[in-house]
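Note that numbering that gives the first Met the number 0 numbers the sequence shown so that position 199 is 198, with each residue one more than the last.
Think of the CB as a built atom: it goes at the ideal place given N, C-alpha and C, for glycine as much as any other residue.
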Amino acid sequence: MTPADADRELDMVIVGAGFAGLYMLHNAHGLGLRAEVIERGDGVGGTWYWNRYPGARCDVPSMEYSFGFDHQLEQEWEWTEKYATQAEILAYVEHVADRFDLRADITLSTTVEACRFDDSTGRWVVTASDGVTRVARFVVMATGCLSAANVPDIEGRDGFAGRTFHTGRWPHEGVDFSGRRVAVIGTGSSAVQSIPFIAAEADQVSVFQRTATWAVPAHNEPLDLAAVAEIKADYANWRQKARDSSSAFGGYYPRREVSALDADEAELAEQYDERWEVGGLSFLRAYNDLLLDERANATAAAYIRGKIAELVDDPETAALLSPDTIVGCKRLCVDTDYYATFNRPNVRLIDVSSDPIERIDAAGPVVGGMLHEVDDIVFATGFDAMTGALERIAIEGRGGRPLRDAWSAGPVTYLGLQVAGFPNLFTITGPGSPSVLTNMIASIEQHVEWITDAIVALDAGGFRTIEPADEAQDRWVGYVNEIANHTLFHGCSSWYLGANVPGKPRVFMPLPGFPEYRAVCEQIVADDYRGFVRN
Ligand code: NA7
């Protein structure tokens, strides 16, 4: 296909209309590019469009989980709670789309099927479910890290007679569980948030737990107007403070630069009590080595196990709910009444750690030969994280090489932004960048701004294309592994490692350490795009 055969000629195709796609489009407008966002959902919002399960909220405080690129926007938007609900975040994204006049260049309800690099023209040919072929110089994948739903292929799944739901594809009209017996499969963040709501409505809830999860209380509350005014008066500093922290948020409660191993029992208890009362992910910032040293981590683990024993009446259930894994090795869950929900007479916990769900009968899941009869099954089973959304699109780079081949042993990138052999294709919050270990919006902003600058520099230098050199990419992959190996993240079977999807290569995909990563990105630019090939 040559540009002349294309239905639509563009400078940039952006895949996905979540936070990343919208900000990229806004910046593309700023550069005067002809850009189009293609989005498979019927609306904008990405993660927050799809994840409408009861209780869905962000685990990053709302004053930080918001765009910082526009002063007016951050001043005018009023968050109402410490942790925003899905509905409020979606309203915010809608507001962003309107405020920056983005809608005219967003095509909804359309799935990108293939992106193929045309060696002869040096341009990307993008085909989509609407039958329109777009040809563009740049393709930006703003497809999200947790957007490809993982529904386990359990025997008999499709023969279940009742209703089935996945938390990441929740019906817009909501689901009425009253009078129903409900199975919830999974105990990750989506399950932890939704189970208390489902249990309050349903007749009976059976939770199928493969791995017990660590959860700390959210202590969500309405935002204090005086505190909000204070933050808004100093927002630029707030954002900077966030960017300077390893997870790109934490203005509320920064990490203490002391080791848990230097604290005695009384100090540990005092610190953890304080963090528990504050609530949220700041718990893991009580000490600076909780994710680096197993003995330090064990102090946090012992504390949370003690809390579970206090919160859950039945000792056997409390023991089952108590993880024996590293705290934070999988993303720590932030809950509201999760553990206490197991004190309800209509909620039971079914351990499927050693005896997995063997099949799903028409009447419900079967474990250890025993049928658990239910009316509904909620799959809170997560996502084919970080690579799933990209690999579900037929992406072919130079010489027709499929991305799936380039990534057959696990994802390889340079800076998480580009892949060797895929010129002018960018991955916002791609594997090999801090992404899911951070406040996603801060990471998205940093990536979009980096890409914007790279395009400006490309044009200023009279180049047409940019892509990583193989050696630079290899070194980067080595670097990401080395950093991850210094942490405790590699010590459990998490979606960070692809361990939740059968057959997926086990590679630690995100890069810990946002400020260090930003500094590297900046230095590479200062060194005239060191490690990139520009032609
Ligand atoms: P997660 O965190 O990936 O959780 C998925 C859960 O589903 C987890 O407990 C899994 O157990 C469980 N699971 C997956 N497959 C099965 C099967 N076959 N049988 C039993 N249990 C299963 O996804 P979430 O949607 O909760 O959260 C994703 C992120 O969104 C979260 O980290 C936040 O960042 C926001 P496993 O632990 O793999 O044994």
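Item                                                                                                                                                                          : Value
Span of the alpha helix (DSSP H) holding tryptophan 123?                                                                                                                      : Premise fails: tryptophan 123 lies in the beta strand (DSSP E), 122-127, not in any alpha helix (DSSP H).
Taking 8 Å as the cut-off, is the beta-carbon of valine 181 closer than that to any non-hydrogen atom of ligand 1?                                                            : no
From isoleucine 153 to glycine 502, what does the alpha carbon distance come to, in whole angstroms?                                                                          : 15 Å
Can you give the Cα-Cα distance for arginine 209 and alanine 247, rounded to whole angstroms?                                                                                 : 31 Å
Quick one: Cα of alanine 308 to Cα of valine 215, how far?                                                                                                                    : 13 Å
When the Cα atoms are used, what is the spatial distance from tryptophan 123 to tyrosine 337?                                                                                 : 47 Å
Could you tell me whether the region 18-26 touches the region 177-186, where touching means 3 or more Cβ pairs closer than 8 Å?                                               : no
Can at least three beta-carbon pairs, one atom from the region 82-99 and one from the region 43-62, be found at a separation below 8 Å?                                       : yes
Any chance the CB of glutamine 208 is under 8 Å from a heavy atom of ligand 2?                                                                                                : In terms of ligand content, the structure shown lacks ligand 2 and carries ligand 1 instead.
How would you call methionine 140, buried or exposed, if buried means at least 16 neighbouring beta carbons within 10 angstroms?                                              : buried
From aspartate 360 to leucine 101, what does the alpha carbon distance come to, in whole angstroms?                                                                           : 47 Å
Are at least three pairs of beta-carbons, each pair with one atom in the region 428-446 and one in the region 58-71, less than 8 Å apart?                                     : yes
According to DSSP, simplified to helix, strand and coil, what is arginine 115?                                                                                                : strand
Return the chain-ordered list of same chain residues with a C-beta closer than 7 Å to the C-beta of asparagine 534, the five sequence neighbours on each side being excluded. : Phe462, Arg463 and Thr464
To which residues of the same chain is aspartate 374 closer than 8 Å at the C-beta, ignoring the five residues directly before and after it?                                  : Gly161, Arg162, Arg179, Arg180 and Val181
Does phenylalanine 507 come out as helix, strand or coil in the three-state DSSP assignment?                                                                                  : coil
Between glutamate 273 and serine 492, what straight-line distance do the alpha-carbon atoms span, to the nearest angstrom?                                                    : 30 Å
Looking at glycine 327 and leucine 289, is the spacing between their C-beta atoms short of 9 Å?                                                                               : yes
Give me the Cβ distance between asparagine 296 and leucine 510, rounded to the nearest whole Å; I'm assuming they're in contact under 8 Å.                                    : Not really, about 20 Å apart at Cβ, beyond 8 Å.
Which residue from Pro60, His94 and Lys81 puts its Cα closest to that of leucine 72?                                                                                          : His94
Of the residues Arg51, Thr212 and Gly398, which one's Cα is nearest the Cα of alanine 323?                                                                                    : Residue identity differs from the one stated: residue 323 is aspartate in this sequence, not alanine. Nearest C-alpha to aspartate 323: Thr212.
Exposed or buried, which one is alanine 3 when buried takes at least 16 other CB atoms within 10 Å?                                                                           : Its pLDDT being 48, under 50, alanine 3 is placed unreliably in this model, and the coordinates cannot settle the point.
Any idea what DSSP makes of alanine 86, helix, strand or coil?                                                                                                                : helix
Under a three-way DSSP split, which group does alanine 3 fall into?                                                                                                           : Below a pLDDT of 50, predicted positions are generally treated as unreliable, and alanine 3, at 48, falls in that range; no measurement from the model is reported.
So, do the region 255-274 and the region 229-242 have three or more beta carbon pairs nearer to each other than 8 Å?                                                          : no
Taking a contact to mean a Cβ-Cβ separation below 9 Å, would you say glycine 54 touches proline 195 in this structure?                                                        : yes
Could you tell me the boundaries of the beta strand (DSSP E) in which serine 108 lies?                                                                                        : That residue, serine 108, is in no beta strand (DSSP E); it is neither H nor E in DSSP.
To the nearest angstrom, how far is the alpha carbon of alanine 190 from that of arginine 51?                                                                                 : 12 Å
Could you check what DSSP says for serine 177 in three-state terms: helix, strand or coil?                                                                                    : strand
Taking 9 Å as the threshold (C-beta atoms), are serine 407 and phenylalanine 513 in contact?                                                                                  : no
So what's methionine 140 in DSSP terms, helix, strand or just coil?                                                                                                           : strand
Report the rounded CA-to-CA distance for aspartate 202 versus glycine 363, giving the unit in angstroms.                                                                      : 15 Å
Thinking alanine 147 and phenylalanine 382 are a contact (beta carbons under 8 Å), I'd like their distance in whole angstroms, please.                                        : 6 Å
So for threonine 46, helix, strand or coil by DSSP?                                                                                                                           : helix
Looking only at its chain, what residues have a beta carbon closer than 8 Å to the beta carbon of aspartate 292, apart from the 5 residues adjacent to it on each side?       : Ser258, Ala259, Leu260 and Leu487
Could you spell out the range, first to last residue, of the beta strand (DSSP E) harbouring threonine 426?                                                                   : 424-426
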